[in-house]
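**Student:** After the structure tokens below, expect a handful of questions from me.
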Amino acid sequence: MKTFLPGRTALLKATLSAAGVGAMLAMAPAHAADTPKAGQPLIDTYSQKTLLKNWALSVCLATVAKHPEERDDANKTASAYMEFGHQTVEDYDKLRKLAQSFAARTYGGSVDSEFNTMKCIDLLHSKELDKLTGSLAKRK
């Protein structure tokens, strides 16, 4: 015959729960305290190369935007990335030219669209942008 002891079971569960929480906290990454809270931008955690890529993407999106509010948001986003960058104005001019060249491309497909977002995504993943941002990030 098994004896059920509710007091011991509750104590065991509480002990295991406390141990589990302790183990989870011990396994948390050391940088967890440095990561922004939900809803906060990650901008100050990005490498210089990522900041430059994000800046170029924002410029491309501003270039293809049809509505002033969207263009303004993309331009302000680019400005925020630039604030955290260490590159020269001339470096950003090189990135702008590349972003504008992608925005000016003519895409076609099975549906009628300019595919402007696709152009900017292609820029983000392009070898040209990767090479340029890599060299600019090293010169900081």
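Numbering (full-length UniProt numbering), first residue to last: 1 to 140. The C-beta atom is built at its ideal place from N, Cα and C for all residues, glycine as well.
Which same chain residues end up closer than 7 Å to K74 when comparing Cβ atoms and leaving out the 5 residues on each side of it in sequence?
**Tutor:** Taking the first residue of the sequence shown as 1, we reach residue 74 at position 74. Looking at the sequence provided, one finds Ala at residue 74 rather than Lys. S58, L61, A62, A65, listed in sequence order.
**Student:** Indicate the three-state DSSP secondary structure (helix, strand or coil) for V111 in the structure shown.
**Tutor:** The sequence position of residue 111 within the sequence shown is 111, counting from 1. DSSP, read as helix, strand or coil, puts V111 in coil.
**Student:** So Y46 is in the alpha helix (DSSP H); what residue range does that whole segment cover?
**Tutor:** Here residue 46 is taken as the residue at index 46 of the sequence shown, counted from 1. From DSSP, Y46 is part of no alpha helix (DSSP H); its letter is neither H nor E.
**Student:** Closer than 8 Å is the cut-off here; do at least three beta carbon pairs connect the region 103-113 with the region 77-84?
**Tutor:** Flag = no, the region 103-113 and the region 77-84 do not touch.
**Student:** Starting from A65, trace the alpha helix (DSSP H) both ways and give me its first and last residue.
**Tutor:** If you number the sequence shown from 1, residue 65 lands on position 65. Taken as a continuous stretch (DSSP letters only), A65 belongs to no alpha helix (DSSP H), as it is neither H nor E.
**Student:** From the DSSP output, in three-state form, read off Q100 for me.
**Tutor:** The count along the sequence shown starts at 1 and reaches residue 100 at position 100. Of the three classes helix, strand and coil, the one that applies to Q100 here is helix, per DSSP.
**Student:** Who are the Cβ neighbours of Q48 in its own chain at under 7 Å, not counting the five residues just before and after it?
**Tutor:** As a position in the sequence shown, residue 48 is number 48, starting the count at 1. These residues qualify, in order along the chain: G85, H86, A137, K140.
**Student:** Can you give me the C-alpha to C-alpha distance between V111 and D122, rounded to a whole angstrom?
**Tutor:** Within the sequence shown, residue 111 is the residue found at index 111, counting from 1. Within the sequence shown, residue 122 is the residue found at index 122, counting from 1. Rounded to the nearest angstrom, the two C-alpha atoms are 18 Å apart.
**Student:** Measure how close the beta-carbons of L124 and K53 come, nearest whole angstrom, since I'm counting them as under 8 Å.
**Tutor:** Stepping through the sequence shown from its first residue, residue 124 is reached at position 124. Stepping through the sequence shown from its first residue, residue 53 is reached at position 53. Under the criterion of beta carbons closer than 8 Å, L124 and K53 qualify as touching, at roughly 6 Å.
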